[in-house]
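Engineer: The structure under discussion is supplied below as structure tokens; questions concerning it will follow.
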Amino acid sequence: MAASTLKLTVEEKNYWKFCMLNVRVVPDALRTYFDGLIPPTSLAIIINKNSKTISYLVNRRVINAAQLDILQKIPGTKWALTCPPVPIGHNATSSGDFDVTLMVCLLRNLPLPGISSPASGWDNLPSPSDISAGAYLARIKYYRNEIAHSTENNLNTLDFQDKWKTISEAITFCNGGQSPNAIKEILHCDLDGSQNGAIVTCLATEIEAIKRDLKLVEGEKSKMQDELKKTELQLENVQNDFHFYKDGHLPKNISDNIHDLINKWRIDDKPFFFTRAGKLVYDMLESENIVIIIGQSGSGKSATARNIALKWISYGYDVVPVEYVEQILEYRCKGTKQIFVIDDAVGKYSVNGSYVNQWERLDSKLTTLFIDDNAKLICTLRKVVAIDTKFKSAKTCLSEKAYIVDLDHEDNCLLLEEKMSILKNHLISTDRQNDISDAECKDCCKGNFAFPLLCHVFTTSNGLFLRKSDFFQRPFNYLNDEITKLHQRNKEVYCSLVTCMIFSGKLNVKLLSVSDDSDEEQEKSGRIIGMIAEACGLNRNISRHTLLNSLLSVESVYVKSYCGVINFLHDSFLEAISFHFSKVNPCVFLECCDIAFLKERVRVNSPQVNDDENVIVLNEESFCFLANRYIAELKTGEFMDVLCSQPIKDEKFIKVMGDVIDCGKLITRQKLVETEISCVAFIKWKHFDPIYKQENNVEAVAAIMEIFPSGKTLFHWVVATGCNYFVDYFLNECHKSNKINTYDPISLFSH
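FYI, in full-length UniProt numbering the residues of the sequence shown are 1 to 751.
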């Protein structure tokens, strides 16, 4: 074959030699410098340590997809699940696969010794007098970009000599002060030879690749500029929203979130059937500004409240869902028609003393607010909470001024015709209306417990749908069977549901989307998830992404997702999962669950415990697990959720707790504030003797805080919250061990 030959001018030879220097010599010299600062054995460690910086560069599109792929394939590196997954069986990469752009990017952005931005900046050609490391790197970057932008393949001799000298010095610096022989070889190479055509063609191909990469980067930069313009526009909108808010409207972000939630309510409301009880709530809102809907779990309280609120939109009212009483005052826009909706206003499973206290504290403001017919409130409460004397005796607008609609009352309970309509609406919404006969529907309607909820579960679960009326007669038996089957046959789904339960039924998707345990919070959640996985029969290092996918696979069956948070479809599912897992592994259950959740849900064997499906009753074998958890909480200075729980008032449990740790040392020395209380001030505490006989007395706690503003030991809180057995056990143990010679408070506290 004839040799490929080109006739090149001097200027063209200059250009191709300069290109050859940048394409063939610069990368190896720069890699030598890079490996000197970041040894290949430490590369993965450095990348992991600076993962946030690298993620930032990826998000800003400084590091492109191809470069990220190379970084991800370096053995030992850890990446967030938001990054594209690395294919199984991929070839490992190293710094040997880095191009010049990636090496310069990492060198200038990672905190490495001896590298700082040149005086002229990273994007300009530094002064010849600047001999800093940053200046040499900037020159390499500058001329690489110049080649990529060049449209003419020629370079006059003066420019060539100047640029050649500049890049040669940068190469020598990167090569540890040694000038590679390749610099001279390229400078004196014969481009008039018979193979010059092949050389130029090869170089041109490599330069075209550089141009494509640069074009991609510039395209990403253009996108970033467009996004910046959008951000500036958003800032302008925020400023406008601020002025809008000052004029008596909700902030746009809150308004948008509410708008999205209301749209979701509309979707969920499609199978809703308007019952007699719903009509009563609707009618009462015309004359009453506060209405409470009460009923058993699953009776349709929330669905009714939301349906009625949506109907009132036609009267010109804005629907405002809230989670806490303070938000009512915060979101109230004077002169605007608003209807507030709040679920479980004073507690979900039992009366929450702190919630009641908040309602009492704000009562005068709320009373004034709801005198105005432009403001209305719909609350839901479980019946067990609504009939609790702690709620009924509280001085709040809920207990004194609200109209109560009991869904379980004989005048409001579901009629057969209403049940048939509710069931058929759910069948139509899931396209199952032709899969069940009218006779079978009537048999299903013989069930009474949590009928609206069961209709949803029945029509969305293939397995339970096959059970027909048997499911409605024994729903929890079948639900427990389904959970047991998941535990045995699909451990990943079971584990994901348990994880959601452990995090109080509100699991942030980010928790399962990030695998980096570098910060304390992520490390803690990672440890908890590992314990749960192991307890469920899985590897404790299971991928969080796997758990997230498993959880999303049962969306609309067990859970729902909204605004990055996954919740159970209904509390009944949370209760069923918690009950099941508490039997599977009580130790992990009690160690990992939120302490407020344990306060509301867990009881110990006691004659005072009611037969309530919402309560988990521990046997004596599990007392030590709960005792250890309580002690860990008490040592942190967080007293209230422990001291307001039922087990802490049980004599047998206190005995177990006392055996686990020296209670005397714990309750006299553990403080919320590390300051001493004078004996004179402590004498005043004798006046709390009557309060000692009361349970969960918020006023007692407030009084102690008032008398002892500078410090409160656990012992004060124990007495104030009526933990009689705890106090008696402590006094007896101290007396037996001669730690104190008298039960007098002064000597007791001076111990």
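Positions of the beta carbon are idealized from the N, C-alpha and C atoms, including for glycine.
#1: Assuming the contact rule is C-beta atoms closer than 8 Å, ALA533 and ARG540 should be a hit. Round their C-beta distance to whole Å, please.
#2: Beta carbon of ILE616, beta carbon of PHE579: below 8 Å?
#3: Where does TRP16 land, buried or exposed, given buried means 16+ other C-beta within 10 angstroms?
#4: Could you tell me the distance, in whole angstroms, from the CA atom of CYS379 to the CA atom of ARG601?
#5: Report the three-state DSSP secondary structure of VAL325 (helix, strand or coil).
#6: Under 8 Å by Cβ, that's how I've got VAL100 and VAL26 pegged, so tell me the actual separation to the nearest angstrom.
#7: Check whether the Cβ atoms of VAL322 and ILE313 lie closer than 8 Å to each other.
#8: If we count the other Cβ atoms within 10 Å of its Cβ and call it buried at 16 or more, is SER582 buried or exposed?
#9: Helix, strand or coil for LEU155? Go by DSSP, reduced to three states.
#10: Quick one: what does DSSP say LYS13 is sitting in, helix, strand or coil?
#11: On a Cα-Cα basis, can you pick out the residue from LEU68, ASN50, LEU538 that is closest to VAL58?
#12: With DSSP as the reference, label LYS301 as helix, strand or coil.
#13: To the nearest angstrom, report how far apart GLU724 and CYS536 are at their CA atoms.
#14: Alpha carbon to alpha carbon, what distance is there between MET103 and ILE254?
#15: Which same chain residues, not among the five before or five after MET20, have their C-beta less than 7 Å away from its C-beta?
#16: May I have the straight-line CA-CA distance separating LYS78 from SER55, to the nearest angstrom?
#17: Helix, strand or coil for residue 753? Go by DSSP, reduced to three states.
#18: If we ignore side chains and look at the alpha-carbon of each, how far apart do ALA92 and LYS73 end up?
#19: Alpha helix (DSSP H) containing THR93: first to last residue?
#20: How should ALA700 be labelled, buried or exposed, when 16 other C-beta atoms within 10 angstroms of its C-beta is the threshold for buried?
#21: Flag this pair as yes or no: are the beta carbons of ILE328 and LEU366 separated by less than 8 Å?
#22: In the DSSP assignment, what are the bridge partners of TYR562?
#23: Could you tell me the alpha carbon to alpha carbon distance between ASN175 and THR32, rounded to whole angstroms?
#24: Tell me whether HIS426 is buried or exposed, calling it buried when 16 or more other Cβ atoms sit within 10 Å of its Cβ.
#25: Between the Cα of PRO271 and those of ARG144, ILE183, LEU453, VAL554, spot the shortest distance and give me the residue it belongs to.
#26: Evaluate contact between the region 391-410 and the region 428-439, counting only Cβ atoms and requiring at least three cross-stretch pairs below 8 Å.
#27: Do you know offhand how far PHE465's Cα is from VAL642's?
#28: Please look up how many angstroms separate the CB atoms of SER504 and PHE597, rounded, as I've assumed it's under 8 Å.
#29: Might you give, ordered along the chain, the residues of its own chain that have their beta carbon closer than 7 Å to the beta carbon of VAL588, omitting 5 neighbours on each side?
#30: Would you please state the rounded distance, in angstroms, between the beta carbons of VAL346 and VAL385? I believe it to be under 8 Å.
#31: Using a threshold of 8 Å, state whether the C-beta atoms of TYR143 and PHE173 are closer than that.
#32: Kindly indicate which three-state DSSP category VAL62 falls into: helix, strand or coil?
#33: Note down, in chain order, each residue of its chain lying with its Cβ closer than 7 Å to the Cβ of ASN567, except the 5 sequence neighbours on either side.
#34: Using the rule of at least 16 other Cβ atoms within 10 Å of the residue's Cβ for burial, across every protein chain shown, is THR484 buried or exposed?
#35: With LEU512 and LEU548 assumed to form a contact (beta carbons below 8 Å), what rounded beta-carbon distance in angstroms separates them?
#36: Where in the UniProt domain "Novel STAND NTPase 3" (272-427) do unbroken runs of the alpha helix (DSSP H), each at least 4 residues long, occur, reported from the N-terminal end onward?
Structural biologist: Well, looking at it:
#1: Position 533 of the sequence shown holds residue 533. Position 540 of the sequence shown holds residue 540. Confirmed, Cβ separation roughly 5 Å.
#2: For this step, residue 616 is matched to residue 616 along the sequence shown. For this step, residue 579 is matched to residue 579 along the sequence shown. Contact flag set, yes.
#3: As a working mapping, residue 16 is identified with position 16 in the sequence shown. Flag for TRP16 reads buried.
#4: Start at 1 with the first residue of the sequence shown, and residue 379 comes out as number 379. Start at 1 with the first residue of the sequence shown, and residue 601 comes out as number 601. So the alpha carbons of these two residues sit roughly 22 Å apart.
#5: Position 325 of the sequence shown, counted from the first residue, corresponds to residue 325. DSSP places VAL325 in helix when its eight states are reduced to three.
#6: Position 100 of the sequence shown holds residue 100. Position 26 of the sequence shown holds residue 26. Yes, VAL100 and VAL26 are in contact; Cβ-Cβ is about 6 Å, under 8 Å.
#7: As a first step, residue 322 must be located in the sequence shown, where it is residue number 322. As a first step, residue 313 must be located in the sequence shown, where it is residue number 313. No, they are not a contact pair.
#8: Taking the sequence shown and counting its residues from 1, one reaches residue 582 at position 582. Answer is buried; the Cβ neighbour count reaches 16.
#9: For the purposes of this step, residue 155 is taken as the residue at position 155 of the sequence shown. Reduced to three states, the DSSP call for LEU155 is coil.
#10: By 1-based counting over the sequence shown, the position of residue 13 is 13. It is helical.
#11: In the sequence shown, residue 58 corresponds to position 58, counting from 1. Of LEU68, ASN50, LEU538, the residue nearest in Cα terms is LEU68.
#12: The sequence position of residue 301 within the sequence shown is 301, counting from 1. Helix, per DSSP.
#13: Translated into positions along the sequence shown, residue 724 becomes position 724. Translated into positions along the sequence shown, residue 536 becomes position 536. Looking at the sequence provided, one finds Asn at residue 724 rather than Glu. Looking at the two C-alpha atoms, the distance is approximately 38 Å.
#14: For the purposes of this step, residue 254 is taken as residue 254 along the sequence shown, with counting starting at 1. For the purposes of this step, residue 103 is taken as residue 103 along the sequence shown, with counting starting at 1. If you take the alpha carbons of ILE254 and MET103, they lie about 44 Å apart.
#15: Position 20 of the sequence shown, counted from the first residue, corresponds to residue 20. Once the five neighbours on either side are set aside, the close Cβ partners of MET20 are ILE186, LEU203.
#16: Your numbering for residue 78 matches position 78 in the sequence shown. Your numbering for residue 55 matches position 55 in the sequence shown. Distance between the alpha carbons of LYS78 and SER55: 12 Å.
#17: Coverage of the chain is limited to positions 1 through 751, which leaves residue 753 absent and any answer about it impossible.
#18: In the sequence shown, counting from the first residue as 1, residue 92 sits at position 92. In the sequence shown, counting from the first residue as 1, residue 73 sits at position 73. If I take the Cα positions, the gap works out to 5 Å.
#19: The count along the sequence shown starts at 1 and reaches residue 93 at position 93. It is not in any alpha helix (DSSP H) - THR93 carries neither H nor E in the DSSP assignment.
#20: Within the sequence shown, the letter at position 700 stands for residue 700. Confidence in ALA700 is poor, its pLDDT being 48 and thus under 50, which makes the residue's placement unreliable; the coordinate value appears in the next sentence. The residue in question, ALA700, is buried, as its Cβ has 16 or more Cβ neighbours within 10 Å.
#21: Counting from one through the sequence shown, the residue named residue 328 turns up at place 328. Counting from one through the sequence shown, the residue named residue 366 turns up at place 366. Cβ distance < 8 Å, so ILE328 and LEU366 count as in contact.
#22: The residue you call residue 562 lines up with position 562 of the sequence shown. Its beta-bridge partners are VAL565.
#23: What you label residue 175 is simply residue 175 of the sequence shown in a count that begins at 1. What you label residue 32 is simply residue 32 of the sequence shown in a count that begins at 1. Cα-Cα distance, rounded: 6 Å.
#24: Position 426 of the sequence shown, counted from the first residue, corresponds to residue 426. The residue is buried, with at least 16 neighbouring Cβ atoms inside 10 Å.
#25: For the purposes of this step, residue 271 is identified with residue 271 of the sequence shown, where counting begins at 1. Of ARG144, ILE183, LEU453, VAL554, the residue nearest in Cα terms is LEU453.
#26: no
#27: Taking the sequence shown and counting its residues from 1, the one referred to as residue 465 is at position 465. Taking the sequence shown and counting its residues from 1, the one referred to as residue 642 is at position 642. Distance between the alpha carbons of PHE465 and VAL642 is about 42 Å.
#28: As a position in the sequence shown, residue 504 is number 504, starting the count at 1. As a position in the sequence shown, residue 597 is number 597, starting the count at 1. Between PHE597 and SER504 the Cβ distance is about 5 Å, and since that is below 8 Å, they are a contact.
#29: Counted from its first residue, the sequence shown places residue 588 at position 588. Cβ within range, chain order: MET531, ILE532, ALA535.
#30: As a first step, residue 346 is located in the sequence shown; it is residue number 346 there, counting from the start. As a first step, residue 385 is located in the sequence shown; it is residue number 385 there, counting from the start. Rounded, the Cβ-Cβ distance is 6 Å, consistent with contact.
#31: As a first step, residue 143 must be located in the sequence shown, where it is residue number 143. As a first step, residue 173 must be located in the sequence shown, where it is residue number 173. The answer is no: Cβ separation not under 8 Å.
#32: Along the sequence shown, one-based indexing puts residue 62 at 62. Note: VAL62 maps to coil in three-state DSSP.
#33: Reading the sequence shown from its first residue, position 567 is the one you call residue 567. Result list for ASN567: GLY505, LYS506, VAL559, LYS560, in chain order.
#34: Mapped onto the sequence shown, residue 484 falls at position 484. Burial call: exposed.
#35: Numbered from its first residue, the sequence shown carries residue 512 at position 512. Numbered from its first residue, the sequence shown carries residue 548 at position 548. Confirmed, about 4 Å.
#36: 276-287, 301-311, 325-331, 353-361, 363-369, 383-386, 389-392, 397-401
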